[in-house]
Structures are given as structure tokens and as C-alpha cells.
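Below: one structure, written as C-alpha cells.
There are 2 protein chains.
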Amino acid sequence: MGKLFVSLFFLFAANATAQQNDSLMIRRIADEILDNGKAYENLRVLCKTVGGRVAGSPQMLKAEAWGVKTLKEAGADKVWLQECMVPHWVRGAKEECYFTVAGVKTNLDVLALGNSLGSSAKGVTAQVVLINDFDELEKRKDEIKGKIVFYNYKFNKRFVKTFQAYGDASKYRGQGPSRAAKYGAVAVIVRSMTHAADNNPHTGGMNYDSNYAKIPAVAVGLKDADKLAESLGRNKALTVFLKTNSQMLPDVKGHNVIGELIGSEFPEQIITVGGHLDSWDPAEGAHDDGAGCVHSIEILRALKAIGYKPKRTLRVVLFANEENGLRGGNKYAEEAKAKGETHYFALESDAGGFTPRGFGFTMKPEQLVKVQQWSDLFKPYGVFELTAGGGGADIGPLARTFNTPLAGLQPDSQRYFDIHHARTDIFEAVNKRELELGAVNMAALIYLVDKYGL
Amino acid sequence: MGKLFVSLFFLFAANATAQQNDSLMIRRIADEILDNGKAYENLRVLCKTVGGRVAGSPQMLKAEAWGVKTLKEAGADKVWLQECMVPHWVRGAKEECYFTVAGVKTNLDVLALGNSLGSSAKGVTAQVVLINDFDELEKRKDEIKGKIVFYNYKFNKRFVKTFQAYGDASKYRGQGPSRAAKYGAVAVIVRSMTHAADNNPHTGGMNYDSNYAKIPAVAVGLKDADKLAESLGRNKALTVFLKTNSQMLPDVKGHNVIGELIGSEFPEQIITVGGHLDSWDPAEGAHDDGAGCVHSIEILRALKAIGYKPKRTLRVVLFANEENGLRGGNKYAEEAKAKGETHYFALESDAGGFTPRGFGFTMKPEQLVKVQQWSDLFKPYGVFELTAGGGGADIGPLARTFNTPLAGLQPDSQRYFDIHHARTDIFEAVNKRELELGAVNMAALIYLVDKYGL
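For the protein sequence lines, the chains are E and U, in the order given. Take the first sequence: its position 15, counting from 1, is numbered 15 in this note's numbering, and each next residue is one higher. Take the second sequence: its position 198, counting from 1, is numbered 652 in this note's numbering, and each next residue is one higher.
Right under this line is the structure:
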């Protein structure tokens, strides 16, 4: 037996043993979560006793208290609140939207977009211009003045990964109002970004361009969008009445809720895992992003429960405000920089509590190669895709500040945009085991990064 | 450039081009199904106009008519009914099950097991013996006589793939009644095979061993099972009243519903794709196995719609009776043998309409190696697991008769046993896109097997 062969043999054997030990440790984590998991019950409490929790709302404070209590119960060494000013947008009274043809009134089910301002008390009554995409808007810019622009851009069914359809369509919500206001539109109605077979409108954040009028803007469900399009097809002069009652009040004090397991060997190296605590108001923010919050807490709970002490500091962060400002993530990175912290790695769950299928990574290619060598350890738990690109909005500022390597959980996405930002994002839409498997795979990734480094 | 190199280069180039063409063809199939899919609407009609459809029931005939109509609309060259005698089990009036402690009556929500016979008209009243597993039954066999045996075997949460938990637990339903009757039990209550957080009982087939008394047998939901176990813990002499009203009537005539696209090159080589048309009665059989039926029809529809002509004959079979007899699959293989047909390949979908994750194959190792070389073609549609072992109950007889290679669709299994054989297996539990992606991947597999052979 030659020397090289012997060395290779031992190298191989050592590697095989390491993988076997890791596989056993991950099995222990999984058994703890599948047998004794608290994520589902924690989510139930958040959804049913707090509910929807827009930044600045009274529910925000209740959610923060829930976060502190739940992190303490999970066994964090230390739990604290990090102050953070957040926007304070309020929806106000229920929106009204309808048109009348031959004396028959047709109501459209709409939700004001987040950050949008209300119409005047008497509402807006105007003719409607159906616009399929921004190219058409530019071509027809002379027809827009004094009208309501109805963006009817369709969610593309051909994207198998639905986040691609969202990336493709969401600009009509984010930029649509100001791009229409630029040409004199008086309000905007946006077709909801969803595949759902129901008629629920899907709200979400928008941003006004300060160069143009801040006109009212709502989302409309698919059936009502089709109904409006049909009616416009028959009657080009159709007028719609729209009244929204939302306001942007001065910023208020909110908090990132943070809990830690202090590292045993390199306590100064921080691994962040988190989701965002705020949600839209029409539902309970169960998948978006209650799931991410309870995933993150569950990782800490499970590692503590099986007696595993991370070498690096594991920090669970429930970010204060993602939906309409990203103030939580920005504040977290800012303060980290001011304190000279070392941010070793960050993982976010903000794509729902469905069965996990993969992780997306934003890191150096050689780091990704290292992570991909762990792929067989994830397969028994359903994760087959470890791919470049991904992270999360809340941890983005860490990467921009420190070049921190990022990862984002990628659950099965087929159902996500059925409920995203709609009334249907409630606890009942979450499956216990799917939620738990998310936490299992996230915990496995944290364990491997903590043990082997990047 | 050496000769070998040139040859290898062309071989590689030819292969790469083939993969590229296949990738484009599969994309066309996927676009057709995602854009114009009929599977979801077909399933709605089956669930909402036919509903639950136990073999032998009036709904069976309505389901057959639905199958013929839907296959014709999908564009089958030929549609026919294959006669098949099926068992005729009827549940009868609603089951009653309760116990009374200190004057307080506690009802247990139960469903008679399929094929089980009813109690006498006055019901059974007896003490209950809680049995955790068959080992315990054997140890305590002397305590069973005159008692109701309550099998409280728990669905194992640690199996990530839930069908393994089902394989582990389902013997208590299938064999439990007769194994208890052997020792003189007068009835059996079985804990439902589910992870569900609700209290719905999950029925399913059982088989009497003709050596022992045919005692009544029911499934109980998890909350009521826990309640019964608790009450027994406090009061060993607890008696339960149980009344079931089911009967096994003489066999009646049913049908496998069959539709074909006739092969252009090898019409005599038959590729079967199917699911079973029968379902349990408490719900709509949406996932089990309406999904498999509409998956199979959708493959034929989509191939026809894009003008793809298979070389081999594609035969869609909606099997008459899987749940309590397998008469449909047996009849299909029998008649195939009698006619001297050639059964080249068979694929079944009978594991729900959730997001597809893989296929399981029962075929020769070299055939599996060939199939696994296609793996990159499935990944864009979410299928990452092409593994040994799998098929389906209905196509099993083909393999036993002809050694036909088999495959079974393996969708995500986390939600399946929440609804399996329970009142919750309804259309609303099915997601349109998840269902469609099952058909996309099945169609891709059929396309590749048809084109390249096995």
C-alpha cells in the first residue's frame, strides 16, 4: 500500500466519519423539532392573539411582547429590544370602489396599497384607462390625464418558481402610481400579483416619486379585475368611483426583537437568523412572515433543547419593519457597524412556511462550493437546491455593510402568492409539518456553518 | 484533431442537441398545461357534481360517465368502458360511538372501516382494552375476550416522507380487526393514520380473516383517541357503546374507463397512465384519487393540444376499484393477458395532487440508469428524485403479469395524510398549480419513455 494511497484512505475515512456524525446530529435536531416542535403553536399564538401587525400599529407592540416572551421561553441566553423608528401608515375606513352601468351598481373588492394616501373625503370619480404594461402607458400617455389608470398586467403562469412571476409583476404596484401620476392620472387600480382562483385583493408596499402627485392606489382581485376589463371592453366611457382613507402619520418608535445563544468559542462572530415581525393588516401575516419568525426562534429552541452549544453567537432577530420601509434591517446593520460587530453569516426565512426545497446564497463562489459539499446532508429533509442568489430583504443591509454571506430559505412556492398580502394569509393556511421542516433545514445549515465555517 | 476526439465531439454534440430539443418539447408541454390546463376544472366537476364514489355506489356510475365525457373532450382517439365486477360495500346510517362517565356522555367521532360489517341493531357495549401495538396484543391476549380493542398506535412523526409512517401504521387498520377477533374481541376502534391537528376520523380498507368473527371496526380521530386513552387511564372499567351500520352486498358491475391516443409507429406497444376513479365516501376523493385521474387525462389532452403524436399507444385508464378490492387493476391486467397485449410501461398517480418532487420506479436496474440520465430535464419543473421503488396499486398487476416497468408520481407528502380518507379530502384542499405541475412532470416522463424507450 503506497503512502499516497494510505493518506487518501485516511482522508476519505475522516471525511466519511465527519459526514456520518453530522448526519446523526442533524437527525437529532430533526427529531427534536418533529417530536417536540413549538413553531406551530408559537405561530398560532402570534396569529390569533396579535393578528395583522403593520409597523406603528398597536398590534406591533403586542407582537414585540410576544417575541420577547417566546424567545425567553425558547431558552435564549439574552433577549433585548433594539429601538428603531418605523413608518406609521394606517389604512383607515374600508375602501369603496364601484361602477354603475344602466343603473346596476357593481362593487369592486379593493385594498389600498401600503404607503398610499387616501382620496379626498368625497372620493374620486373618473373614467378608466386599462393599461397592460408600462410600454403601453408610455404610448398612451396623452390619454391619461384626469383618468384612473387600471394596470391589468397578468401574473405569468409559466414561471415554475412563482417568485419570478412576482419579480416580473410587482413593479406595477411599486412604481405604477407615480408613473401614472406623471401623466396626470387621478388614481390607480392594480391587478393583484397572484395566481389565486379567488377574488381577494393583494395589497403590498408602493413608493411615491416626490416629483408627482400622490394619488390614491388600490389593488383589485382577479375576478373583479376581469370584470372591470370586460365592462371597459363594452363601454370605453365607464366611470369608476374610488374612495380610500389611508394616511401616513409621523414615524413612531418600534423595535427589532433580538435573542441570543452566546458562542462558546468565537462569541464575537455573529450568525444572524431571522424573519420580519411586521405584516400587512388584512390578515394574520401567517406565512408572511410569522413563519420566518417562528422558524428562527425554533432553531434556537431546538439547539438549546438538545444541548448543542454553538461555537459562534447565534442571534435570532425578529425585524421590526420590512413591508413598508425596511427600517428594521437597516437599523440592525447600522448599529452593528457603530458597535464594530463581526457578522459572520446571516440567514432569513421570508418566503413562507411551506415545505422547504432549497436555499439561495449570496456569497463568494468558493463559499458556495463549500456549502454545496454539504448537499447530501439536506436531502433526507427535502432540500435539494443549494443555488447562487438569495438571502432576504432584512439581512440585505448586513451584506451591504460587512459583505456578510447570506442565505434565504426557499420553500415550495406554488401556494405562496395565493395568500401573499391577502386576507387568506392566516394560520389555517400553514401546515404544521411543512413549517417544522423549514426549521429543521435552517437549523441544519446553521449547525454546519457554525461547525465548519465558510 | 484525432479521430477519437472528433467522434466523441460529435457524440457529445448530438447528445447536447437531443437534450436541448427535449428541453424545448417539455417546455411546450409545460406551457400548454400551465396556460390552458383543464385538470383543475375537471377535478372541480368530478368533486362537486359526483363527490365521494365508493365502488358499487350510484356515484360510481356518474363518475364513469364523467370519465368518458372528459376523455372525449381531451381528444382521445378512442374511449371505452371495460366491464369489471366490483365489491359493493355500503356504510349505511351514521355510526354512533360514546362513553358515559358520571352521567356525562362523551361522543367519539368515528367512521366504519371500509369492508367492515355493522354491529347488530342494538350496537355493542363493552369494556375497552387499549393496545399500543401487536406485540402488546399478543402479550395481553387473555384480556381481550368480550372487549372492544382500541389500537392506539401513533403515526410516527419522524418519517420525513409520510408514506413511510403510513406503511408503518396501516396494518392496525387492515389486520387489526381480525387479529383482535382471534382473541374474542367484540369490536375494534383504530386510531386514525394521520398527523392532522384536527379530529376527523380517517377510514380506509380492512380485510377480515375468514377464520375469525367479523367484528365491527371503526377509525377514530386523534383528539377523540387521546380523550378515550385519557379516560381509560382514569377508569380502566370504562365501557363504550358502538353502533355501525355497514353491509357488504353482492358484487355489482362497474367499469375501468379507458381512453387512447393510438401510437404512430408502434401502436401495439401500450403505455398506460392512470389513477383510480373510486374513492371513500366521507368526502370528494379530491387528492385520493381524483387528482390521479385528472393528471392522466391532462397528459393526453396536452400532448394532443400541442400536436405531439406518440410513437407508442398512450392509454389513460381510470381504474374502477382500488380502495377496497383492486378489482380495476386486476381486471385490466387479466384482459390484457387474454388479448395478448404488449404493456411497455405504466405510470400511476395515486399519492395526491401536491407539488411533485419525484418518481419512484420498479424496473430493471439498467432501465433505471437510463431514466436517471434524464434527470436534468425534470429539475426545472421541481422533480429532483428519480429513485428505485414505486409504481401504484392499480398498475401492480401489469408488472406481475408482464414484468411491465412501473413508475409512480411522488408529490410532496406533508399534507397528504392530513386529508387522506377523511372528510377533508375535498376540492378546496387542491392547489391548481401544484396539480398542474404533477401533470407536467408525468407528461415529460411519458414523452421521454415514448421517444427513447426503456
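We put the beta carbon where it would ideally sit given N, CA and C, even for glycine. On a predicted model such as this, the values are computed, not experimentally measured, just so you know.
Range covered by the beta strand (DSSP E) that runs through residue i
i	result
U/Q868	Looking at the DSSP string, U/Q868 is not in any beta strand (DSSP E), and its letter there is neither H nor E.
U/E882	Neither: U/E882 is in no beta strand (DSSP E) and is coded neither H nor E.
U/L571	Segment: none, U/L571 is in no beta strand (DSSP E) and carries neither H nor E.
U/V603	602-605
E/L242	239-243
E/F456	With chain E running from 1 to 454 in the structure shown, residue 456 of chain E is simply not present.
Contact set between residue i and chain E, taken where Cβ atoms lie within less than 8 Å
i	result
U/P834	V160
U/D485	R158
Backbone secondary structure at residue i - three-state DSSP
i	result
E/I131	strand
E/G396	helix
U/H741	helix
E/Q82	strand
E/A93	coil
U/G456	Here the model assigns U/G456 a pLDDT of 49, short of 50, so the residue's position is not dependable and the matter cannot be decided.
E/T17	helix
U/P736	coil
U/K593	helix
U/H749	helix
U/G812	strand
E/R27	helix
U/E719	coil
E/K331	helix
U/N895	helix
U/L908	coil
E/T404	coil
E/K157	coil
E/K227	helix
U/G687	helix
U/L902	helix
U/L754	helix
E/L314	strand
U/I725	strand
Segment limits, alpha helix (DSSP H) that includes residue i
i	result
U/K526	512-528
E/F163	162-169
E/L368	365-372
E/F345	E/F345 -> not in any alpha helix (DSSP H); beta strand (DSSP E) instead, spanning 342-348.
E/N42	39-45
Selection from the options that minimises the alpha carbon distance to residue i
i	options	result
U/R877	U/A790, U/I900, U/L863, U/P736	U/P736
U/A547	U/A566, U/G529, U/V555	U/A566
E/F417	E/F150, E/L222, E/A338, E/D31	E/L222
E/V110	E/D133, E/Q164, E/G204	E/G204
E/V371	E/L347, E/A443, E/V449	E/V449
E/R312	E/Q367, E/F345, E/S231	E/F345
U/F720	U/F617, U/M479, U/Y906, U/L525	U/Y906
E/Y332	E/M85, E/N156, E/M363	E/M85
U/D866	E/G389, E/A429, E/V383, E/N324	E/V383
U/G491	E/R158, E/E136, E/G37, E/T106	E/R158
E/K268	E/A76, E/E64, E/K339	Strictly speaking, residue 268 of chain E in this sequence is Glu, with Lys absent from that position. Ranking the options by Cα distance to E/E268, first place goes to E/K339.
U/N561	U/R869, U/L891, U/K681	U/K681
U/L831	U/L703, U/S477, U/R869	U/S477
E/D133	E/R53, E/S116, E/Y172, E/Q410	E/Y172
E/E322	E/L277, E/I270, E/E284, E/D77	E/L277
Chain U residues whose Cβ lies nearer than 8 Å to that of residue i
i	result
E/K48	Going along chain U, no residue has its Cβ under 8 Å from E/K48, so there is no contact; the nearest lies around 14 Å.
E/F163	Simply none; closest approach about 13 Å.
E/F384	F838, E839
Chain E residues whose Cβ lies nearer than 9 Å to that of residue i
i	result
U/R869	T355, N431, R433, E434
U/A547	Simply none; closest approach about 31 Å.
Whole-Å CB distance - residue i paired with residue j, under 8 Å assumed
i	j	result
E/L386	E/F361	7 Å
U/G572	U/G600	No, U/G572 and U/G600 are not in contact; Cβ-Cβ is about 19 Å, not under 8 Å.
U/A580	U/I602	5 Å
Chain-ordered chain U contacts of residue i [CB-CB under 7 Å]
i	result
E/D412	T809, D866
Chain E contact residues for residue i, given Cβ-Cβ distances below 7 Å
i	result
U/K611	L34, D35
U/A651	K432
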